[in-house]
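1 is the number of the first residue of the sequence shown in the UniProt record's numbering; add one for each residue after it. We treat Cβ as the ideally placed atom computed from N, Cα and C, and that holds for glycine. Only a predicted model underlies this, so the values are computations on that prediction, with no experimental measurement involved. First the structure, in the form of C-alpha cells, and then the observations on it.
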Amino acid sequence: MTTPIIPTEMTFFARFESDILSGKKTITIRDEAERHYVPGTTVDVSTYEDGRWFCRLEILSVEPIAFSDLNDFHAQQENMTLTELKAVINDIYPGIEKLYVVNYTLVK
Ligand SMILES: CC(=O)Nc1cc[nH]c(=O)n1
C-alpha cells in the first residue's frame, strides 16, 4: 500500500487574499486534483500568481459538492452572490460538475 501524501500548501488568486485574511471567505471550492487536503492539518497559503506567502490555514473539512448543488450558503461563505460564485467556479473549472468544498480557519 502506498503512503498518502498530505498536502501542506495551497494557493489562492491574489484577489481573494483580503477576504481570507479578514475572515469573510471561509471556504474554497476545488476540483478533483485538489481534494486531498486533510482535516486537522495546516497548510501554508500563497498567491497563485507570484507564490507570495500570506497566511496559514487549518483545514476543517473536505466535502464533495456538485456544481449544480452550489447554493446561497456556499456563496455567503465565499463572500459572493451565488451568481458570482457560479461564474467564478465555472471560469476556474469550466464544465466541471464534481467539486469539493474545503472549509478552513485562519491560523493566528
Ligand atoms: C489558484 C486557485 O485555483 N484558486 C482558487 C480556486 C478555487 N477557489 C478559490 O477560492 N481559489
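Residue state for Val107 is assigned as coil, using DSSP reduced to three classes. Following the DSSP letters along the chain, one finds Leu60 inside the beta strand (DSSP E) bounded by residues Trp53 to Ala66.
Comparing alpha carbon positions, the residue from Thr8, Leu82, Glu84 and Ile89 closest to Pro39 is Thr8.
Boundaries for Ser18: no beta strand (DSSP E) harbours it, while the alpha helix (DSSP H) harbouring it runs Glu17 to Leu21, taken from the DSSP string. Between ligand 1 and Arg15, a heavy atom-to-CB distance of less than 7 Å is absent.
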